[in-house]
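Asker: Take a look at the following structure, please.
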Amino acid sequence: MFEVFLKEIKELLRDRKTLMFIVALPLLIFPVIFAVVGYMMAMANLEAEQEVHKVYIIGAEAAPEFTESVKYHKNFELVTANYANKNDIIQAIQNEELDVGIVIEAKAQPESREQTTWQVIYNDSARINYLFIYIEELKEQYQSKVQTLSFNALGVTKESEMEFLISPIKLEKVDTADARESWGEKIGVLLPYLLIPIVLTGAVYPAIDLGAGEKERGTLETLLLTPISRTNIVLGKFLTVLSASLATASLSILSMGLWLFVARTFVNVSEFTVALSHITFVELLAMLSLLIPLAAMFSSIVLSISIYARTFKEAQNYMGPLSMLVFIPVMISVMPNMELTYKTAFIPVTNVALAIKELLKGTSEIGILAVIVGSSILLAVGLLAFCVRWFNQEKVLFR
Amino acid sequence: MISVNGLKKKFKLTKDHKKGITEAQQDPREEKDYFHSVRDVHFHCEQGEVLGLLGPNGAGKTTTLRMLSTALKPDEGSIEVGGVDLVKKPLAGRKAIGFLSGSTGLYGRLTAKENVEYFAKLHGMKGAELKQRCDELFTLLDMHSFLDKRADNLSTGMKQKTNIARAVVHRPKVVILDEPTTGLDIMTTQTVINFIKGLKEQGTPVVFSTHHLDEVALLCDRVTVIDQGLTCFDGTLAAFKEQGHSEELNQAFMNILEGHRHV
């Protein structure tokens with residue numbers, strides 16, 4: 001078995017495609033993708049922040065101070081035109097003569113004591129649009145002044161009285177979750193989405209190469225004629241696939257940690273890193289011990305599929321839907337009210353996703369973790385037994 | 001010595017297999033859901049003999065050789081190699097067999113040397129014994145110039161030499177060759193022919209399937225003809241010509257097949 005394992009590892013390490021999937025993908029490609037996406041998003045944000053929007057106000061005379069603040073806002077250019085109504089503005093926006101129109105129906109004056117409605121007309125389909133936020137900020141400033149004048153007219157001058165009249169009851173949130181729990185909840189949703197498919201990705205390519213690839217190249221039949229049992233052959237191959245899967249997952253975690261460290265020098269993530277610094281070595285080991293049986297399950301499944309396939313291409317066709325299927329249990333783990341309990345600890349893959357979240361939050365229970373590891377190991381052993389049995393069948397090997 | 005008796009092997013037919021086949025086109029070996037690839041094959045080959053396994057495409061030669069090499073398990077029948085019952089003790093049998101076919105590949109990312117050494121290790125060889133045997137084969141097959149080249153970068157001839165070394169590195173008692181010269185150039189074919197001659201001189205029984213009857217004339221002591229999963233001739237080369245009513249092997253082969261199909 002170890003002869004087969006050592007030879008398979010040697011061959012895999014000499015294969016550029018495998019190295020790309022196992023080493024380059026997690027170490028370089030993922031961070032590069034994240035960096036490129038992050039850079040493009042930052043650029044798009046910057047562009048949106050610097051963009052100057054053409055604005056026209058109908059009824060400007062009803063709110064001159066507001067109109068003035070729009071005129072001097074760095075992101076607005078007040079257009080001098082003669083649009084009579086809402087329809088004219090919609091037309092102008094469609095013709096790209098204008099970015100936004102504000103229709104002020106009536107003056108908001110203390111004497112009238114009637115709420116007035118202003119309409120903000122613009123195209124809201126853009127991905128990043130600060131337009132409405134800017135206008136809302138300016139409206140808030142103007143509204144505050146009108147409110148003060150109105151209260152003064154009613155004889156209310158104290159700020160505390162004004163606050164009471166605007167909002168007699170104030171709700172104050174006291175969060176019992178510490179920074180780690182809060183960050184753990186957020187990252188705990190994302191991390192399984194990255195980590196679990198990576199564990200699968202790390203297993204897929206080597207499995208195809210070691211099963212269907214060997215069949216196609218004509219080396220499998222030669223291997224079957226050596227005096228080592230088929231069980232030992234398949235176990236050697238399984239160990240190789242498992243090692244590749246775990247190497248990919250470990251390198252991915254290492255890479256993410258490394259790039260997070262690099263990112264600290266550019267962006268302020270101190271709260272996040274302080275929160276995560278509470279994760280103990282034992283908890284990291286627990287995460288790894290959750291991933292090992294998961295990797296073993298995936299390795300057995302992909303190896304069984306690969307052994308069944310006649311060609312590399314056929315195996316690839318089977319692996320596509322499998323990659324999609326893996327997301328389903330991960331998605332279940334982020335469903336509302338889905339929590340790690342002794343019941344959910346038996347749902348394969350979902351249990352690992354939930355446990356990773358609990359470990360990140362620092363709220364994991366050793367009993368439930370033991371159930372997850374135990375049930376996952378049992379399932380992995382079952383799947384491996386199936387894979388061994390599968391490999392011993394002539395109808396599978398000589399399709 | 002190799003002795004094969006009453007060998008049978010059937011495969012389950014897939015739905016795709018049955019699709020669009022009319023009754024007239026149906027192979028007589030198809031029965032309900034099964035295809036009886038090998039129905040009754042028998043032959044034997046003594047020490048130092050070379051047996052040529054002949055038959056038209058799809059006759060069941062490859063299935064027979066796969067059973068002989070222990071890759072497939074027969075449904076019925078017996079295979080004995082050097083006194084070892086291959087059906088009952090396939091693992092022990094594999095130590096006694098060297099198998100080479102035209103389609104068997106090498107591990108492309110391993111060097112020629114690594115390929116041969118890997119199979120030696122799988123056969124339980126190690127240390128000085130492994131090194132000595134490998135060196136012996138590398139010299140015999142004139143492989144030293146490309147030993148450290150990856151198999152992917154070898155020429156067809158170099159690959160076939162490596163394949164030969166891989167097949168016999170464990171000193172097998174019998175050698176089985178499935179169409180070993182198919183698709184090879186003249187030089188490489190000659191290497192294979194010389195290899196078979198060498199085995200014969202050493203007294204190793206060889207069973208090889210081929211479509212090239214000139215190779216049969218050159219190498220074989222015995223001939224077995226398989227048609228539609230049945231042995232329709234098993235005997236010496238002289239008996240083959242006699243039963244085929246021709247000194248010319250192609251004609252003798254055609255006559256034997258025709259005679260079998262008319263029975």
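Chains as they are written, first to last, in my numbering: chain A, 1 to 399; chain B, 1 to 263. The C-beta atom is built at its ideal place from N, Cα and C for all residues, glycine as well.
Report the three-state DSSP secondary structure of Q143(A) (helix, strand or coil).
Answerer: Correct three-state label for Q143(A): helix.
Asker: Can you have a look at H53(A) and say buried or exposed, based on whether 16 or more other CB atoms are within 10 angstroms of its CB?
Answerer: H53(A) is buried by the Cβ-count criterion.
Asker: Using a beta-carbon distance cut-off of less than 7 Å, what residues from the region 226 to 243 of chain A approach chain B?
Answerer: Answer set for the region 226 to 243 of chain A: T226, P227, I228, S229.
Asker: Residues of the region 374 to 399 of chain A with a CB closer than 9 Å to any CB of chain B: list them in chain order, please.
Answerer: Flagged, chain order: E394, K395, L397, F398, R399.
Asker: If you run the structure through DSSP and keep just helix, strand and coil, what is K54(A)?
Answerer: Three-state result, K54(A): strand.
Asker: Assuming F43(B) contacts T231(B) (C-beta within less than 8 Å), just tell me the rounded distance between them.
Answerer: With 8 Å as the limit, F43(B) and T231(B) qualify as a contact, their Cβ atoms being about 6 Å apart.
Asker: What span of residues does the alpha helix (DSSP H) with Y205(A) cover, start to end?
Answerer: Counting along the chain, the alpha helix (DSSP H) containing Y205(A) begins and ends at 179 to 208.
Asker: Pick from L122(B), S69(B), G55(B): whose alpha carbon is nearest that of V81(B)?
Answerer: If we check each option's Cα against that of V81(B), S69(B) comes out closest.
Asker: Output needed in chain order: residues of the region 92 to 105 of chain B with a Cβ under 8 Å from some Cβ in chain A.
Answerer: Flagged, chain order: A92, R94, K95, I97, F99, S101, S103, T104, G105.
Asker: Among residues of its own chain, excluding the 5 on either side of F76(A), which ones have a beta-carbon nearer than 6 Å to its beta-carbon?
Answerer: Counting only Cβ-Cβ distances below 6 Å, and skipping sequence neighbours, we find H53, V55, V70.
Asker: Return the CA-CA distance between T189(B) and T181(B), expressed in angstroms with no decimal places.
Answerer: If you take the alpha carbons of T189(B) and T181(B), they lie about 5 Å apart.
Asker: On a CA-only basis, which of I97(B), F119(B), K126(B) is nearest F208(B)? Give me that one, please.
Answerer: Ranking the options by Cα distance to F208(B), first place goes to I97(B).
Asker: Could you tell me which chain B residues have their CB closer than 9 Å to the CB of R310(A), listed as they occur along the chain?
Answerer: Here the premise fails: no neighbours, minimum Cβ distance about 12 Å.
Asker: Does the structure place the region 129 to 144 of chain B close enough to the region 198 to 214 of chain A that three or more beta carbon pairs sit under 8 Å?
Answerer: No, the region 198 to 214 of chain A does not touch the region 129 to 144 of chain B.
Asker: What does the alpha-carbon distance come out to for the pair L254(A) and V262(A)?
Answerer: L254(A) and V262(A): Cα-Cα distance of roughly 12 Å.
Asker: Using three-state DSSP, classify Y107(B) as helix, strand or coil.
Answerer: Three-state result, Y107(B): coil.
Asker: In this structure, does DSSP put F240(B) in helix, strand or coil?
Answerer: If DSSP states are grouped into helix, strand and coil, F240(B) belongs with the helices.
Asker: Starting from Y122(A), follow the beta strand (DSSP E) in both directions and report where the run begins and ends.
Answerer: Here the beta strand (DSSP E) through Y122(A) covers 118 to 122.
Asker: Quick check on the DSSP output: what are the complete beta strand (DSSP E) runs of length 3 or more inside the region 137 to 199 of chain B, in order along the chain?
Answerer: Here the runs fully enclosed are 174 to 178.
Asker: Could you give the distance in angstroms between the alpha-carbon of M158(B) and the alpha-carbon of G105(B)?
Answerer: Answer to the nearest angstrom: the Cα atoms are 12 Å apart.
Asker: Mind listing the chain B neighbours of T224(A)? Cutoff is C-beta to C-beta under 7 Å, in chain order.
Answerer: Checking the sequence, you will find Leu at residue 224(A) rather than Thr. By Cβ distance, chain B contributes A71.
Asker: Among M162(A), Q141(A), G188(A), K139(A), whose alpha-carbon lies nearest the alpha-carbon of S150(A)?
Answerer: If we check each option's Cα against that of S150(A), M162(A) comes out closest.
Asker: Tell me which same chain residues have a C-beta within less than 7 Å of the C-beta of V120(A), skipping the five on either side of it?
Answerer: If we look at V120(A) and ignore the five residues flanking it on each side, its Cβ neighbours are V100, I102, F132, I135.
Asker: Would you mind telling me which residues of chain A sit closer than 9 Å to F119(B), beta carbon to beta carbon, in chain order?
Answerer: T222, L223, T226, listed in chain order.
Asker: Could you give the DSSP three-state label for V334(A): helix, strand or coil?
Answerer: Note: V334(A) maps to coil in three-state DSSP.
Asker: With a threshold of 7 Å on Cβ separation, who are the neighbours of F240(B) within its own chain once the five nearest residues in sequence on each side are excluded?
Answerer: V223, F233, A252.
Asker: Strictly by DSSP, which residues pair up with L78(A)?
Answerer: DSSP lists V55(A) as partners of L78(A).
Asker: Check the C-beta distance from D75(B) over to K8(B) and give it rounded, since I have them as a contact under 8 Å.
Answerer: D75(B) to K8(B), Cβ: 5 Å. Contact.
Asker: I'd like to know whether the C-beta of V219(A) is nearer than 9 Å to at least one C-beta of chain B.
Answerer: Residue 219(A) is actually Thr in this sequence, not Val. Yes, T219(A) counts as interfacial toward chain B.
Asker: Just curious, the alpha helix (DSSP H) that Y118(B) is in, first and last residue?
Answerer: Per DSSP, Y118(B) belongs to the alpha helix (DSSP H) from 112 to 122.
Asker: In the DSSP output, what is D33(B) paired with across the bridge?
Answerer: DSSP output for D33(B) lists no bridge partner at all.
Asker: Determine whether the beta carbon atoms of I193(B) and V175(B) lie at a separation below 9 Å.
Answerer: Cβ atoms of I193(B) and V175(B): not closer than 9 Å.
Asker: Check the Cβ-Cβ distances between K7(A) and every residue of chain B, and say whether any is below 9 Å.
Answerer: Interface residue, yes.
Asker: In chain B, what lies closer than 9 Å to E3(A) by C-beta?
Answerer: Per Cβ cutoff of 9 Å: Y118, K121, L122.
Asker: Within the same chain, show all residues whose beta-carbon is closer than 6 Å to that of I372(A), passing over the 5 residues directly before and after it, in chain order.
Answerer: Closer than 6 Å at the Cβ level, and outside the excluded window around I372(A), lie A345, N351, A355.
Asker: Between F11(B) and chain A, is there a C-beta pair that is closer than 9 Å?
Answerer: Yes, F11(B) lies at the interface with chain A (some Cβ there is under 9 Å from its Cβ).
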